[in-house]
Amino acid sequence: MKRIFTVPVAVVLAASLLLVGCGKQNEQNNPSGQSASAEKKKMVLAAVSDPRSKAILEMIDNKIKTYDPDNKFNVEIQMEKYEVEQYKTKLTTLMASNSQPDIFYTYEAGFMKPFVEGGKVYPIGDELEKDAEWKNRFQDGVFKPLSFDGKIYGIPLTKQLSVMFYNKKLFNEAGIAGAPKTYDEFLEHVDAFKKKNIIPVSLPSQRAWLAGELMQQLANGVGGDALYNEICNGTAKWDDPRFIEAATIFSELVKKDAFQKGFLGMSQDEGRDQFKNEKAAMFYTISSDFEALTAQDSPVGKNLDFFMLPPVKPENGAINVGSIGNTFAISMKAKDIPAAAALMKTFSDKDMQENIAYTAKQFIVTKQNLDETKMDPLAIKFINATSDIKVLTPWFDRIFGAGEGTEFNNASVAIAGGKNPAEQMKKLQKFAEDNENR
Amino acid sequence: MNKVLGNKKYIAIFVLPAFVFYLIFVLFPIGYNVYLSFFRTNLMGNSAFIGITNYINLYNDQFFVMAFKNNIFLMIGSLLAHLPLALFFANALFQKIKGSKFFQYVFFLPTVICGVAVGMMFNFVYNSEFGIVNKILDIINLGNLKMAWLNDEKTVMYALIFVIMWRFVGYHMVIQLAAMKSIPESLYESASLEGATNWQQFRGITFPLIRHILKIDAILIITGSIKYYDLVAVMTKGGPNHASEVMSTYMFYQGFRTMKFGYASAIGIILLVLCLLVIWGVNYFAKTEDYEY
Amino acid sequence: MKKNKTSIGTKLTFIILIIFSILCIYPIIWLLLNSFKDNSEIFTNPWGLPKVISFVNYERAIVVGNVGINFLNSVFITVVSVFVAVLLSCMASYGIVRMKWRMSRLLYFLFLIGMSIPSYSAIVPLFNMFNKMGIINKYPAIIIPHIAFALPISIFILSGFFSSILKEMEEAAIIDGCSIIGVFFRIIIPISISSIVTVTVINFINIWNDLLFPQIFLSDINMMPLPVGLTAFSDLYSTDYSGMIAAVIFTIIPTIVAYIFLHNKIMDGMTAGAVKG
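Chains as they are written, first to last, in UniProt numbering: chain A, 1 to 438; chain B, 1 to 293; chain C, 1 to 277.
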């Protein structure tokens, strides 16, 4: 009988010894200020780590080490990184238990609204008001999706837009001069590529948001920012004729075989690779993919160009799906709010913003003047293009959050899969109404 | 002796540690869920008592109904694979077919690998570009049947259920095999002497004597398929478009994504009631006696 | 025992067994072969043998991923949780089944409730509790809920078994002068080895595979068990198919090795016969 116990006990002892050993080693390797005095306050900065945000997180890590050179605040900030789904679950749990991280990554609008309404988020706008220099760094309108009841609750680091990348070489070979100026021209280009057996547009929609992004952009073209504002403030419904028209246009695009075979099940990475390897002429995606497409090993590199999808109705031009990204907020219960604010201020420092533009190749949110000699011409064209955009309409799944937002994406995927557009939009509306009461 | 066995002090020592642990860390959270299910709340300080509205809404919720149907589908698949099939394998190994040791090892292998690894493995297997399934179809000239198995509403549940069935056959087989091995050989010897065939021996000796274990196993299988979460969450997250949603993933989604914790708790309580009904049902309809031998 | 009749039935059975074995092993072997290829070879030649056996992918998986530490964590967490859970449930099952106690039916029912609900429905209240206890991001925060949720299923199975043990065993021991605790440890437990090992295996598998509790109650990546480590790796390197495959294989291998090593002991344990006569 004793034998049953000896084996597990031995294993437990052995394992504990090993772990203690590992633990000790980790303490020695731990870079964050171990020599500091015990009175240092500790704060946690929680962030989502995925391939696109990797460079930015490194920059933030740098700032954590350098934002307080004289140790004025006597605070130690530690970064914790989480995978996306884990992060959403964990943040929700932490918020519900009132022990959210001091500084945390967040998505705008619908995602952070419950946290703000629950009083868990510090209105960083107060700090911005006190510090005019800080506030003036930012471009107009970047705080809109982060404002509730007139107060600002988060600081964004980047801007992201939907964009259609295209391969200049393939366009030339198909006898097309350049980017389409109207939607009909765009349709003609799709036909031209189909004839040559080249994938016209890569739209990998395994994660439903990309299909949703395209449908929303088409809706922008049909209804302009009026439609967008109306659906957001509740005066329009999802089965509005304008939405149905956009949905129908989307399903016609699918029926025309504008997208690659199996696009509904294709992962973002695979779809991007197809465009990278010049198998697709165009790639509808998000601007933060720019870095991957201009990477050293990218065959499409020199032939890369982009355009914003022309609106279905010409009067609704310059309205693009897009929003701010990489937003951070401070918890109401943060142990040292001034220190957190000081750190967040460095996110809009000149060097940080320049890094974001040159290295991470993403759009910045400040009015920082960029040195065009440090950027490649396409990136410069990119930056300039954004100033031509009059209105940015954030993705519906950001505005409405999980639930209605997710279902909009699901409806887009269903329509792309062949289901009747009008029916799907009516179903979406019914869902939205039911969801109100749950 | 009765006095000894009824002595409260001894009962306390035996039962109390487990019960206290359980009361604090399981019963209390469950009670909290029951309580929450009568509210509409996002746990951010904003809650309203709404009685049984959550339950009524669930009844009308097309996604919940779809999830429920998917669970039934899972249950049928699991019952098929993990009872008759597992039993068939267990019996074959019990009757010492050639290579029993080898099969024992191999069949249990899928269970030992963690769910995340299994999920990722099958994401590769079902991959529409280089996955095994589509390649096999190509080779046997049925290339036109190739699909994105996990991303097509029509095929996703079938693809999933195959993985779930695959994963636990060995697990249940080993449980049943263990039960079989505790039957004394003498019974089989006398049966063989009387000329009973393998099938007769199974039907007359093996099956009745392991009925008790089979009952427990059936309960594990059915309640497991009602609560099942792991592989669905890793492989499809309930998609595409809720086609592979099961009640537990829907519960997770309503709680941790849409933050409707009251609604999610109501789903949890429904799961609870369903499982209790199953346990009661199996116990009632499959009354077994203990055989003394 | 029985004569090995090589009838058609047996031959057919054998074929079916072989087919299922292939189904069990092939995905793992396919992954193993592919783990030696680089990304482009996976796309162009997913079925063939790798042109070159290169361990480059493994280097990436081991160095960048954290698999060694994850494995140790998994072992530690699982062994401790299972050990305590099984011990407590043996005691509780015995108490419920053998003691002449009016409340035992009610108690049994209460434990059944725990078997009927997914464990993560308790995340928010448990997090709150652990937070107040100050054990978040420490091992107890993950061991405690694992033990708690392993209790219902273990008690369910063990009570089933204990109620069928012969009463005479006990009576004989008591007449001989053993105390109740003596009876428990010296007689009941040895007889019940098969059920105890079965319950140990069931709990081991459940806890080993758990993803959610460690993700929520722990934040230090050096405390994470295998499932979490694998998820984190897959998120960062989702296009790096070859690296991912290597990571999956590397996660599986220690498990398989340990399993092969222990399988015999497990099977013996699960099938230890009761004392007869």
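All C-beta atoms in this analysis are idealised placements derived from N, C-alpha and C, irrespective of residue type, glycine included. Model, not experiment: these values are computed from the prediction.
- Residues of chain C whose Cβ lies closer than 7 angstroms to the Cβ of S387 (chain A) do not exist; the shortest such Cβ separation is about 32 angstroms.
- Put simply, the backbone Cα of N209 (chain C) is about 47 angstroms away from that of L128 (chain A).
- In the three-state reduction of the DSSP assignment, F39 (chain B) falls in the strand class, which pools E and B.
- Secondary structure at S323 (chain A): strand, using DSSP grouped into helix, strand and coil.
- With respect to the 9 angstroms criterion, A179 (chain A) and D305 (chain A) are classified as neighbours on the basis of their beta carbons.
- Contact note: G45 (chain B) reaches chain A through G118 and G119, using a C-beta cutoff of 7 angstroms and chain order.
- As the crow flies, the alpha-carbon of P125 (chain C) is around 43 angstroms from that of N420 (chain A).
- Here D240 (chain A) is buried. Its C-beta has 16 or more other C-beta atoms within 10 Å.
- Per DSSP, D349 (chain A) lies in no beta strand (DSSP E) segment and is marked neither H nor E.
- Look at the beta carbons and you see the region 45–61 of chain B not touching the region 142–153 of chain C: under three pairs across the two are nearer than 8 angstroms.
- The C-beta of P240 (chain B) comes closer than 9 angstroms to at least one C-beta of chain A.
- The C-beta of S93 (chain C) comes no closer than 9 angstroms to any C-beta of chain A.
- Within the same chain, I199, S202 and Q274 come within 6 angstroms of A280 (chain A) by CB-CB distance, once the 5 residues on both sides are set aside.
- The C-beta of P123 (chain A) comes no closer than 9 angstroms to any C-beta of chain B.
- Listed in chain order, the positions of the region 133–148 of chain C with a beta carbon within less than 8 angstroms of a beta carbon of chain B are I144, P145, I147 and A148.
- Put simply, the CB of A48 (chain B) is far from chain A, with every gap to its CB atoms at 9 angstroms or more.
- In the structure shown, the three-state DSSP call for I364 (chain A) is strand.
- When C-alpha distances from Q176 (chain B) are compared across B:I24, B:G281, B:E129 and B:H82, the shortest belongs to B:H82.
- Separation of the CB atoms of F250 (chain A) and A416 (chain A) is rounded to 7 angstroms, and the pair is thereby assigned contact status at 8 angstroms.
- Counting along the chain, the unbroken alpha helix (DSSP H) around Y158 (chain B) starts and ends at V156 to K181.
- Taking 9 angstroms as the cut-off, the Cβ atoms of T366 (chain A) and R52 (chain A) do not count as close.
- Collapsing the DSSP output to three states places E80 (chain A) in a strand.
- With 16 or more other Cβ atoms inside 10 Å of its own Cβ, T285 (chain A) counts as buried.
- At a cut-off of 4 residues, the continuous stretches assigned as alpha helix (DSSP H) that sit fully inside the region 81–134 of chain C are 104–115 and 123–133.
- Any Cβ of chain A closer than 9 angstroms to the Cβ of V124 (chain C) would place that residue at the interface, and such an atom is present.
- Nearest C-alpha to L27 (chain B) among C:A122, C:L32 and C:S93: C:A122.
- Rounded to the nearest whole angstrom, the C-alpha separation of D138 (chain B) and T235 (chain A) is 52 angstroms.
- If the five residues before and after V125 (chain B) are omitted, its C-beta is found closer than 8 angstroms to the C-beta atoms of G131, I132 and V133, all from its own chain and listed in chain order.
- Only residues of its own chain outside the window of five on either side were considered, and among them N222 have a CB closer than 6 angstroms to the CB of I69 (chain C), listed in chain order.
- Within the region 91–142 of chain B, no complete beta strand (DSSP E) segment of 3 residues or longer occurs.
- About 35 angstroms separates the Cβ atoms of N62 (chain A) and N167 (chain A), ruling out a contact at the 8 angstroms cut-off.
- The continuous beta strand (DSSP E) containing Y284 (chain A) extends over residues A280 to I286.
- At a cut-off of 9 angstroms between beta carbons, F115 (chain A) contacts chain B.
- Under the Cβ distance rule, Y263 (chain B) does not count among the residues neighbouring chain C, no pair being separated by less than 9 angstroms.
- Per DSSP, the unbroken alpha helix (DSSP H) holding M425 (chain A) starts and ends at P421 to E436.
- What M259 (chain B) touches in chain A, judged by beta-carbon distance under 7 angstroms, is T92 and P114, going in chain order.
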